[in-house]
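Participant:
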Amino acid sequence: MPQVELRLPAEGAYVSVLRTTTAALAARLDFTLEDIEDLRMAVSEAAAICLECAKEAADLDVVFDLGEDTIGITVVTTCEAVAEIDEESFAWQVLTSLARDVTATPEGDRLRISLVAGATPLGAAR
């Protein structure tokens, strides 16, 4: 399974780079335009959750695992304090509604959010 890694400063200004990279990789896997937009929004929410706790001068480390018709994305950052997830937050609700197999793993002061998205087969109803 091919893997793509991306490292960005943990700043809101760089989320557009992450969204564009996500869209380009999903397009290579023949995701529909609707699937691509859902994935772009899901990645934005995962990044937003990480940015909320990110230390000053931290990075967002993103790994894309490319399957035949799926993409797995992991976003990791270093937080100011022990990482926690508010599963009642708007960002978490949007993320879990747009992607499947979403997990958040606090690891001390590091936060790892992983998600999987799949392409809708052409001609299939959503």
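Residue numbers (our numbering): 4 to 129. All C-beta atoms in this analysis are idealised placements derived from N, C-alpha and C, irrespective of residue type, glycine included.
1) Closest to GLU40 by CA distance: which of ALA49, ALA50 and ALA29 is it?
2) So which of GLU55, ILE116 and THR77 has the shortest CA-CA distance to VAL65?
3) Can you check whether the C-beta of LEU36 is within less than 9 Å of a C-beta belonging to chain B?
4) ALA128 by DSSP, collapsed to three states: which one?
5) Run through the stretch 75-121 for me and flag every whole beta strand (DSSP E) of 3 or more residues, listed as ranges in chain order.
Facilitator: The relevant details are as follows:
1) ALA29
2) THR77
3) Structure shown: chain B not included; a single protein chain is present.
4) With a pLDDT of only 49 at ALA128, under the threshold of 50, the placement of this residue in the model should not be trusted; the figure read from the coordinates follows. Here ALA128 sits in coil by DSSP.
5) 103-110 and 113-121
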